[in-house]
Amino acid sequence: MKFRWIMPIAFLLPLHARATDTPVGARVATITINPRAVTVLHLRPEFESAIRMPEEVTSVILGSPSEFKAEHSEGEPDYVYVKPITNEAAQSNLLIATKSGQHVTIELVTDGADFSNPAEPVDFLINYRTARSFLIPADSGVVEMASAPAKVPERGVSGSDAGTNSAPLSSLDEEFIEQESVNAPKWTKWEGKQIETSIGDMRQWSNETAISYSILNGSNQPVEIVPPQIQITGRKATKKKRKEGKGIISDQLEIRNYRLSATRLEPGGRADGVVVFDRPNFKESTEKLFLQIAQADQVDRPILIPLPFTPPISGDSQ
Numbered sequence: 021m022k023f024r025w026i027m028p029i030a031f032l033l034p035l036h037a038r039a040t041d042t043p044v045g046a047r048v049a050t051i052t053i054n055p056r057a058v059t060v061l062h063l064r065p066e067f068e069s070a071i072r073m074p075e076e077v078t079s080v081i082l083g084s085p086s087e088f089k090a091e092h093s094e095g096e097p098d099y100v101y102v103k104p105i106t107n108e109a110a111q112s113n114l115l116i117a118t119k120s121g122q123h124v125t126i127e128l129v130t131d132g133a134d135f136s137n138p139a140e141p142v143d144f145l146i147n148y149r150t151a152r153s154f155l156i157p158a159d160s161g162v163v164e165m166a167s168a169p170a171k172v173p174e175r176g177v178s179g180s181d182a183g184t185n186s187a188p189l190s191s192l193d194e195e196f197i198e199q200e201s202v203n204a205p206k207w208t209k210w211e212g213k214q215i216e217t218s219i220g221d222m223r224q225w226s227n228e229t230a231i232s233y234s235i236l237n238g239s240n241q242p243v244e245i246v247p248p249q250i251q252i253t254g255r256k257a258t259k260k261k262r263k264e265g266k267g268i269i270s271d272q273l274e275i276r277n278y279r280l281s282a283t284r285l286e287p288g289g290r291a292d293g294v295v296v297f298d299r300p301n302f303k304e305s306t307e308k309l310f311l312q313i314a315q316a317d318q319v320d321r322p323i324l325i326p327l328p329f330t331p332p333i334s335g336d337s338q
């Protein structure tokens, strides 16, 4: 009887060893930084992946510390190391910011400890690089994130009289320059927030809407700002109208383009921005439009600034 029990166990052990020794595909990628894009990082238990930024990392924010681990040290200022700490399938997000204000958004994905189905390779290294030019066409899907103000041509110079570096300003550039020139914006303080906000012009460009704004760090500590969002919220119609506060729905509108002078603000620092989005042609009476601005350490508690549904200024985009 003992011999019959030992034989199946001896037979199963080699099978288990072969399953765990199944080769896992490795992948190394080089990606140009795009603040509007989300990079998917495929991870596996027992493997550690590295993220290399083009400059010193100043902030690392992990969505689920109970399922993933992210490490960054001053000895390797350009690197962030990530790995799952659970054997179950899981997902989360990771935000990384650098000293010049550039940032990346990463979606962390692990299929768990099921090595028998290695269909998706493991991302061993993601090497980020900066865009070669700060001026990127609007239809390229990449957003300009200049760490320092770019040189712009004089308004009086036309495209025919100027050289190759004196192209006419776009409507987005003009709005951005105009917002930067506002010396004393009317700041709005928000309870429990380090930042103050100010809203500039809101314009209608054909089927798109553009709004300019400024952010001020009124605290004595540095603060990180995430890219802006446009939110539309309303109350879902229900049969029981007496239950207030129920049936609230919200949705994010598509951002066509934006420009932000900085994402890291030192104490007293200011950032100016313009965001262009697709506004719906109509809405229900209970729906409201908001500009959503959030600190990197409080993304679940954003500032919601109410916006008029109909822009007060009309103009054609160049």
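Per the numbering used here, the very first residue in the sequence shown carries number 21; after that it's consecutive.
Quick reminder that beta carbons are idealized off the backbone N, C-alpha and C, glycines included.
Please read all numbers here as calculations on a predicted model, not as lab measurements.
My understanding is that residue i touches residue j, with C-beta atoms under 8 Å, so please give their C-beta distance in whole angstroms.
{"i": "ARG149", "j": "PRO74", "result": "6 Å"}
{"i": "THR125", "j": "LEU63", "result": "So it is not a contact: roughly 16 Å between Cβ atoms."}
{"i": "GLN312", "j": "PRO322", "result": "5 Å"}
{"i": "SER112", "j": "PHE144", "result": "That pair is no contact at about 19 Å."}
{"i": "THR218", "j": "LYS206", "result": "The displayed chain sequence assigns Ser, not Thr, to residue 218. Yes, SER218 and LYS206 are in contact; Cβ-Cβ is about 6 Å, under 8 Å."}
{"i": "VAL142", "j": "ARG47", "result": "7 Å"}
{"i": "THR306", "j": "GLY238", "result": "Wrong, their Cβ atoms sit about 33 Å apart, outside the cutoff."}
{"i": "PHE310", "j": "GLU274", "result": "15 Å between Cβ atoms; not a contact."}
{"i": "GLN251", "j": "SER270", "result": "6 Å"}
{"i": "LEU189", "j": "ARG279", "result": "Rounded, the Cβ-Cβ distance is 12 Å, inconsistent with contact."}
{"i": "PRO65", "j": "ALA133", "result": "5 Å"}
{"i": "GLU244", "j": "ALA117", "result": "5 Å"}
{"i": "PRO104", "j": "GLU76", "result": "Not quite, the Cβ-Cβ distance comes to about 26 Å (not below 8 Å), so this is no contact."}
{"i": "MET222", "j": "PRO300", "result": "The pair is not a contact, with the Cβ atoms about 15 Å apart (cut-off 8 Å)."}
{"i": "ALA230", "j": "VAL294", "result": "6 Å"}
Starting from residue i, follow its DSSP beta bridges and name the residues at the other end.
{"i": "GLN241", "result": "BP columns for GLN241 are empty, so no partner."}
{"i": "ASP98", "result": "Per DSSP, none; premise fails for ASP98."}
{"i": "MET222", "result": "ILE231"}
{"i": "HIS62", "result": "VAL129"}
{"i": "ILE215", "result": "ASN237"}
{"i": "ILE53", "result": "ILE53 is not bridged to any residue."}
{"i": "GLN111", "result": "VAL129"}
{"i": "GLU140", "result": "GLU140 is not bridged to any residue."}
{"i": "ILE105", "result": "The partner list for ILE105 (beta bridge, DSSP) is empty, contrary to what the question assumes."}
{"i": "PRO248", "result": "Partner(s): none; PRO248 has no beta bridge."}
{"i": "ASN301", "result": "ASN301 is not bridged to any residue."}
{"i": "LYS119", "result": "In DSSP, LYS119 forms no bridge with anything."}
{"i": "THR253", "result": "SER270 and LYS308"}
{"i": "PRO328", "result": "PRO328 is not bridged to any residue."}
{"i": "GLY293", "result": "TYR233 and LEU280"}
Give the range of the beta strand (DSSP E) segment to which residue i is assigned.
{"i": "ILE313", "result": "308-313"}
{"i": "SER79", "result": "77-82"}
{"i": "SER69", "result": "69-72"}
{"i": "ASN203", "result": "Looking at the DSSP string, ASN203 is not in any beta strand (DSSP E), and its letter there is neither H nor E."}
{"i": "LYS89", "result": "88-91"}
{"i": "ASN277", "result": "275-280"}
Using the beta-carbon count (16 or more within 10 Å), is residue i buried or exposed?
{"i": "GLU211", "result": "exposed"}
{"i": "PRO328", "result": "exposed"}
{"i": "VAL58", "result": "exposed"}
{"i": "GLY220", "result": "buried"}
{"i": "GLU264", "result": "Model confidence at GLU264 stands at a pLDDT of 48, short of 50, so the residue's coordinates are unreliable and nothing is read from them."}
{"i": "THR50", "result": "exposed"}
{"i": "PHE196", "result": "buried"}
{"i": "GLU216", "result": "buried"}
{"i": "GLY121", "result": "buried"}
{"i": "THR283", "result": "buried"}
{"i": "GLN315", "result": "buried"}
{"i": "GLN199", "result": "buried"}
{"i": "PHE302", "result": "exposed"}
{"i": "ALA320", "result": "Inspection of the sequence shows that residue 320 is occupied by Asp rather than by Ala. Under this definition ASP320 is an exposed residue."}
{"i": "LEU61", "result": "buried"}
{"i": "ILE235", "result": "buried"}
{"i": "ILE333", "result": "exposed"}
{"i": "THR52", "result": "exposed"}
{"i": "SER153", "result": "For SER153, the pLDDT reaches just 39, beneath the cut-off of 50, and the residue's location in the model is therefore unreliable, although a value from the coordinates is still provided. The residue is exposed, with fewer than 16 neighbouring Cβ atoms inside 10 Å."}
{"i": "ASN277", "result": "buried"}
{"i": "SER232", "result": "buried"}
{"i": "SER93", "result": "exposed"}
What residue range is occupied by the uninterrupted alpha helix (DSSP H) comprising residue i?
{"i": "ASP320", "result": "Counting along the chain, ASP320 falls outside any alpha helix (DSSP H), and DSSP gives it neither H nor E."}
{"i": "PHE196", "result": "191-200"}
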